[in-house]
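A.B. asks: First the structure, then my questions, so here it is.
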Amino acid sequence: MVKPGDRVAYAGGPPGSYSEARLVPAHILVPIPAGVDDTSAAAVMLKGMTAQYLICRTYPVRAGEAVLFHAAAGGVGLIACQWLKALGATVIGTVGSDAKAAVACAHGCDHVIVSTKEGVAKRVKEITGGAGVPVVYDSVGKDTFLSSLDCLRPLGLMVSFGNSSGKVTPFDLGILAQKGSLYLTRPTLATYTATRADLEATARDVFDVIREGRVKVEVRHTYPLREAAQVHRDLEGCKTVGSVVMLP
């Protein structure tokens, strides 16, 4: 039950969040606990819950495993890489510049690959002694999909959860067999939080790792709501690092 004055947050839901006030169905809201400020909650709801389902449910990462996470300096990446490190994983992240490499290193990555300078699959194989990784988390899409398959060990899982560079080009499914009987999934947060119980559990996990200090939320960019168009231009131009929050 939601009461006047409650601090609540949501991720997804019907369009319309670029506003000072709005009506949303109560069943998509979750309470913001003490110890988490409003700006951090806004920054972490969608990205944090995405990180949670990816690393805890789509492929539950275990301590000692090496994983590859593309766009490690992005909003989801900075949260996921810290969380992976807290789980005891060896975190390999990709970024597009030296400046972003420094950010990724400071947020959980053991190894950072600047994809504009070196071959990702080659470096992953070097880091893992030729074995490859059991899972790749890829939100980039078209530009990284096929090369990501070369980073996987036999029976590895390719988790394609975004298309920032464009939709993945159609391909022959037989390539999964050729590269080691690989698995492929295209998950969405909506599916993983479709029930109220799953939504509450996912949000609770996110807020818990923040309050415990295992994941630090750094809002590096804030804009007034009236500059929404500029926000989109900066995002499209890869001028942002981590989370972006618009304030009314």
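Per numbering that gives the first Met the number 0, the very first residue in the sequence shown carries number 0; after that it's consecutive. We put the CB at the ideal spot given by N, CA and C, even for glycine.
(1) Decide if the region 222-234 is in contact with the region 60-70; the criterion is three or more beta carbon pairs, one per stretch, under 8 angstroms apart.
(2) Am I right that T115 and G95 are in contact with their C-beta atoms under 8 angstroms? What's the rounded C-beta distance?
(3) Can you say whether Q177 is buried or exposed, counting buried as having 16 or more other CB atoms within 10 angstroms of its CB?
(4) Give every residue of the same chain whose Cβ lies closer than 6 angstroms to the Cβ of R219, excluding the five residues on either side of it in the sequence, and list them in chain order.
(5) Since Y52 is in the alpha helix (DSSP H), which residue starts that stretch and which ends it?
(6) For S159, collect the residues of the same chain with a Cβ closer than 6 angstroms to its Cβ; drop the 5 residues on either side in sequence, then sort them by chain order.
(7) Can you round the beta-carbon distance between G47 and I27 to whole angstroms, since I take them to be within the 8 angstroms contact cut?
(8) Is it right to say M0 is buried, meaning 16 or more other beta carbons lie within 10 angstroms of its own, or is it exposed?
(9) Relative to the alpha-carbon of P247, which residue among S16, P169, Q81 and G4 has its alpha-carbon at the smallest distance?
(10) Per DSSP, which one or two residues make a beta bridge with P223?
(11) Report the start-end ranges of each beta strand (DSSP E) in the region 158-235 that is 3 residues or longer and not cut off at the edges.
(12) Considering just the uninterrupted stretch of the beta strand (DSSP E) at I91, what are its terminal residues?
(13) If you reduce the DSSP assignment to three classes, tell me which class H26 lands in.
(14) Please name the residue in T201, T187, V135 and A88 whose C-alpha comes closest to that of A70.
(15) So, helix, strand or coil for V135, using DSSP?
(16) Taking A101 as part of the alpha helix (DSSP H), name the residues at either end of that continuous run.
(17) Use the C-beta contact count for A100: other C-beta atoms within 10 angstroms, 16 or more gives buried, fewer gives exposed.
(18) Would A85 and V208 qualify as a contact pair, given that the criterion is a beta-carbon distance under 8 angstroms?
(19) Let me know if P153 comes out buried or exposed under the rule of 16 or more other beta-carbons within 10 Å of its beta-carbon.
C.D. replies: Concretely, from the data shown:
(1) Segment contact: the region 222-234 against the region 60-70, fewer than three CB-CB distances shorter than 8 angstroms; contact not assigned.
(2) Here residue 115 refers to the residue found at position 116 of the sequence shown. Here residue 95 refers to the residue found at position 96 of the sequence shown. Correct: roughly 6 angstroms between the Cβ atoms.
(3) What you label residue 177 is simply residue 178 of the sequence shown in a count that begins at 1. A residue is called buried when at least 16 other Cβ atoms come within 10 angstroms of its Cβ; Q177 does not meet this threshold and is exposed.
(4) Taking the sequence shown and counting its residues from 1, one reaches residue 219 at position 220. Around R219: V240 and G241.
(5) Position 53 of the sequence shown, counting from 1, holds the residue named residue 52. Per DSSP, Y52 is one residue of the alpha helix (DSSP H) stretching across D37 to Y52.
(6) By 1-based counting over the sequence shown, the position of residue 159 is 160. Hits under 6 angstroms: D137 and R185.
(7) By 1-based counting over the sequence shown, the position of residue 47 is 48. By 1-based counting over the sequence shown, the position of residue 27 is 28. Between I27 and G47 the Cβ distance is about 16 angstroms, and since that is not below 8 angstroms, they are no contact.
(8) Working through the sequence shown from its first residue, we reach residue 0 at position 1. It counts as exposed.
(9) Along the sequence shown, one-based indexing puts residue 247 at 248. Residue S16 is the option with its Cα nearest to P247.
(10) Sequence index remark: in the sequence shown, residue 223 carries index 224 (1-based). DSSP lists L246 as partners of P223.
(11) Runs of the beta strand (DSSP E) inside the region 158-235: 182-184 and 218-223.
(12) By one-based count along the sequence shown, residue 91 stands at place 92. T89 to V94 is the span of the beta strand (DSSP E), which, as asked, contains I91.
(13) Sequence index remark: in the sequence shown, residue 26 carries index 27 (1-based). Shown here, H26 sits in a helix according to DSSP, grouped into three states.
(14) Numbered from 1 along the sequence shown, position 71 holds the residue referred to as residue 70. Looking from the CA of A70, the closest CA among T201, T187, V135 and A88 belongs to V135.
(15) Position 136 of the sequence shown holds residue 135. In this structure, V135 counts as strand in the three-state DSSP scheme.
(16) Mapped onto the sequence shown, residue 101 falls at position 102. Per DSSP, the continuous alpha helix (DSSP H) segment holding A101 begins and ends at D97 to C104.
(17) Taking the first residue of the sequence shown as 1, we reach residue 100 at position 101. Taking all protein chains shown into account, A100 has 16 or more neighbouring C-beta atoms within 10 Å of its C-beta and is therefore buried.
(18) Within the sequence shown, the letter at position 86 stands for residue 85. Within the sequence shown, the letter at position 209 stands for residue 208. The answer is yes: Cβ separation under 8 angstroms.
(19) Within the sequence shown, numbered from 1, the residue matching residue 153 stands at position 154. Per the 10 Å Cβ criterion, exposed.
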